[in-house]
Amino acid sequence: QVQLVESGGGLVQPGGSLRLSCEASVSISSFYVMGWYRQAPGKERELVARFTHSDNKNYADSVKGRFTISRDNAKNTMYLQMNSLKPEDTAVYYCNARVVISTILNYWGQGTQVTVSP
C-alpha cells in the first residue's frame, strides 16, 4: 500500500514563500506520474505541477515562473517550492502518485493547507 504524507503548509503573507514536501512509503522512481494538486473552497481540484512519465515537468499557467517542482529519489520525497505567493494560491495542496501495473492506481496524500493572507 502506497502512503503519501504532505508537510510544509501554513500561513504566509502575499509575496512570501513556502516549500511543501511529500514523502512516499515506497520508491518514488516506481511512480508513472507524480505531482501536486490543489483545491480551494468551492472549487474543483486542479493540477498545480507534475512530473510526467517521461520525466518532464508540467505546470499550471497560474503558477509558471513562481512554483518549482522537484524530487529527491534517495529520500522518496517530492517538493513544491512556492515563491511570490498570492491570495489566490490559498488552497489545500495534495500530493498525487500514479502507478501503472495491469491497471492504473491513483494515490493521494491527506493534504496540507496553504493560506496566503496579509
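Just so you know, we're using the working numbering here: the sequence shown kicks off at 8 and counts up by one. Even for Gly, the Cβ is constructed at its ideal location relative to N, Cα and C.
Figure out for me which residue from the options has the closest Cα to the Cα of residue i.
i	options	result
K71	M85, V55 and D62	V55
G118	S28, Q8 and G23	S28
N63	G42, N80, L112 and K50	G42
H60	W115, V107 and Y114	V107
To the nearest angstrom, how far is it from the Cα of residue i to the Cα of residue j?
i	j	result
L92	F74	9 Å
D96	F58	20 Å
R78	S14	14 Å
V40	A98	22 Å
R105	I35	10 Å
Q8	F38	13 Å
Y100	Q120	6 Å
V33	N113	14 Å
Q88	S24	7 Å
I111	Q20	39 Å
G22	G16	15 Å
G49	P94	15 Å
Contact check, residue i vs residue j under 8 Å by CB: the rounded distance?
i	j	result
Y86	R26	6 Å
N83	A31	5 Å
Y124	L18	Correcting the residue type first, residue 124 is Ser in the shown sequence and not Tyr. S124 to L18, Cβ: 7 Å. Contact.
Below 6 Å, is the gap between the Cβ of residue i and the nearest heavy atom of the ligand NAD?
i	result
S14	Because no ligand of any kind appears in the structure shown, any question about the ligand NAD cannot be addressed here.
Using the DSSP secondary-structure output, state which residues sit across from residue i in a beta bridge.
i	result
V40	R105
G17	V121
May I have a chain-ordered list of the beta strand (DSSP E) segments no shorter than 3 residues that lie completely inside the stretch 82-124? 84-89, 98-107, 111-115 and 119-123
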